[in-house]
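First comes the structure, then the notes that go with it.
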Amino acid sequence: MQTRSLGRDVVIVGVGEVGIGRAEPTGGLRMHAQAASAAAIDAGISIRDIDGVLTCNSYTEPYRQHSVVLAEYLGIEPHYSATLALGGASHAAMVGHAASAIATGVCEMVLVASADNPLTAMSSSATVSKLAGWGHPTYELPYGPLMPAYYGLVAQRYMHEYGLTSEQLAKVAVTTRQHATLNPAAMERRPLTVEQCLSARPIASPLRRHDCSLVSDGGGAIIVTTSERARDLDKTFVRILGVGEGHTHEYLSQARSLTTSGAAISGRRALEMAGVTHDDVDVAAIYDCFTISVIALLEDLGFCAKGEGGQYVDCEGVGLDSRMPVNTHGGLLSHAHPGPPGGIFHIVEAVRQLRGECDARQVAKAQIALVHGMGGAMSTHCTLVLGGD
Amino acid sequence: MADVVDASPVKPMPERTFDAGSYLAAADHNRLELSECESCGAVFHYPRGLCPSCAEWTIRPFTASGRGVIYSFTTVHRAPQPAFADDVPYVLALIDTEEGARVFARVAASNPEDVKIGLPVRVTFEAVGEGSSIVVFELDESVSP
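Going down the list, the sequences are from chains R and G.
Quick note, the first sequence lines up with residues 6 to 394 if you use our numbering.
Quick note, the second sequence lines up with residues 20 to 164 if you use our numbering.
Here is the structure:
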C-alpha cells in the first residue's frame, strides 16, 4: 500500500483562544470572530489573508451554513468553506480537511474556528439537557439518557473486563487538575485529590462528578497554511505530519465493542502517515470528556496494551513527570468544555507545547505531539500528529 | 450545578419514523420486535431498510423471545430533564438479546444495586401515553445466571 502523504508541507502558523471559563455574554458567532482575530494576530496575518473557513457550529447561536455566516461576519469571501459535524473529533478533522484543501491547491490560508458560551447563555443544567438530547430520538431519548450515562456504560464494561478501578479513573482527573493549576487560563484550578473524586456525588455509575468534564464558555481558532507562506511570517510554525480518522458508529448500541474504539484506526493511520512511532511522541492531548475516555484512548492509540490503561495511569502516569504528559492545559476536565469547541483547545495546547510557550507546564524538548479528538459516545475519531519546526 | 432546567417537563416520546413504525407498533402491543436479514441471517436492532452486515434490502421483522443478558449498565443519578427527576436513580443498560441483537433500554429494578453485568433479563413494557408503550427490561429471576 502506498504511504499516504499530504504531498506538501502544510503547517499551523497561528492559534488563539478566548473567553475560557466564563465569557462576556456576547454570543457564539462574535466569539468565533474574536478567536479568529486572536489566531490571525498570533500568525501575523490579516483576516483578509484568509481564503478558507471551517467551523463546527454552535449550541447558543447556530446557523444552517455556519462557516459561511462566520466568513460574512469577518467580511471575507473564501474559496473553501464547510461546517463539520463530528462532535469532539471535528477540530482535528478540520485541521486535516484544511491540510488536504491546501495540499491540493484549493486555498492557501485556512481559518479553523470554534467557540461557544453555553455557560453564560444556557445555564449549566440546560447544557446537560442539550447534551442529553444527543441520544437516538426513537430508541434512546425516551429512557432519559445523559452524556455521562453512555460513558458510564463504557466504564462499567471496562471494570468488568479488565478490573479497571475508580481510583485509576480518579488519577486521570487529579493529574489533569494538577496541569490546570499551572495554566493561568484554565477555568478550574482548585487542587483535587483522589479521595475527593471517590466521595463526590455520583452522576452515572461508576462515574462521579470529577470523572465528568466542565460546562464552560470558550473559543479557539487555528490558522493553517503552507510552509512557504509561513516562512514569510515572523512566527514559529508547527508541521501537520499525519492525520487519520475512524468512525465506527453513532449510537453506543451499534458499537461493535465498548472497549475498543475507532481511535485504534485513526491513531494507526495518523502515525503511519507521519512516519513516527509511539516512542517519538513527546506530549499528547487526548479528548477527555470523561476520565474513562483518556484510559480507553491511551489503549486504542497504542500507548499501552488493551486492558492495561489503568495500570499505565498507575505506573507510568500522564503527568508532567511522565514519559508522555497528557492534556497539559488541563483538558476538558479542568481547562474548559464549552460544548462544540471541546476539541480545539487540545490542538492549541499541542501547538504551544511544540513552540515552547507553556512556561511552568512546558514539556522539555517537545518535538512531536499527538492530538486525539472524539465525538459522541466513543463514536467519531480523528488523530493528528504535529511536529515542531 | 444549578438544578433549574429550562427543558420540557414532559418525557420525550419515541420519534415515529418510517423505519421505526413496525417496532413501535409491536411495542404498543407488548411485543419486542427485532430485525433479521433474509439474505445473510444477521439479526440486528434498530430496524432499518437494509442489512448493516450485507447491505441487502431483505429485512424481515420478527417477534423476539424477550430474553437476554446485561452487557453493560449505568445507574443514572442526575436527571437530564425535570420529567425524569422523580425516577432517579434509574438503570440504563445495553441488553444482549438471545437472538443476538444489542438493545439500549431501561432496566426496571426496585434496587439498582441488584443489577450486574451478565445477569439474565426479560422484556416488559411501560405505558408512556394513550395506547403507547416502550420496551424495558427486568431482572429474570426464573433463570439462574
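The beta carbon of each residue, even a glycine, is placed where N, CA and C say it ideally should be.
In this text, all values refer to a predicted model and were calculated from it rather than measured experimentally.
Sequence-distant Cβ neighbours of R/Arg194 in its own chain, meaning closer than 7 Å and more than five residues away, are Ala185 and Thr186. The C-beta of G/His48 has fewer than 16 other C-beta atoms within 10 Å across all chains shown, which makes the residue exposed. Here G/Ile153 is bridged, per DSSP, to G/Glu145. Between R/Tyr148 and G/Ser84, the alpha-carbon positions lie close to 21 Å from each other.
Straight-line measurement puts the Cα of R/His340 at about 44 Å from the Cα of G/Glu117.
Here R/Ala191 is not near R/Ala290, since their CB atoms are 7 Å or more apart. By the C-beta density criterion, R/Ser384 is buried, having at least 16 other C-beta atoms within 10 angstroms. Straight through space, the alpha carbons of G/Glu160 and R/Glu29 are spaced by roughly 56 Å. For the options R/Asn332, R/Ser95, R/Thr109 and R/Asp319, the alpha carbon positioned closest to that of R/Asp14 is the one of R/Thr109. For R/Gly19, the enclosing beta strand (DSSP E) stretches over residues Val15 to Gly26. Counting the other CB atoms within 10 Å of its CB gives R/Phe295 a total of 16 or more, which places it among the buried residues. Listed along chain R are Thr143, each with a C-beta nearer than 7 Å to that of G/Thr36. Classified as buried, R/Glu304 has 16 or more neighbouring CB atoms from the shown chains inside 10 Å of its CB. Contact annotation, G/Phe144 with G/Val154: C-beta distance approximately 6 Å; criterion of less than 8 Å satisfied. The continuous alpha helix (DSSP H) containing R/Leu203 extends over residues Val199 to Ser204. Beta-carbon to beta-carbon, R/Ala76 and R/Val229 are separated by about 15 Å, too far to satisfy the 8 Å threshold. Closest in C-alpha terms to R/Gly57, from the list R/Tyr68, R/Ala118, R/Ala94 and R/Gly12, comes R/Ala118. Between the region 384-393 of chain R and the region 258-274 of chain R, the count of Cβ pairs shorter than 8 Å is three or higher; the stretches touch. In the structure shown, R/His386 adopts extended strand secondary structure according to DSSP, grouped into three states.
For a cut-off of 8 Å, the C-beta gap from R/Pro343 to R/Pro123 is around 6 Å, short enough to register as a contact. According to DSSP, G/Cys56 shares a beta bridge with G/Ile78. Between R/Val288 and R/Met329 a beta carbon distance of about 7 Å is seen, short of the 8 Å cut, so the two are scored as contacting.
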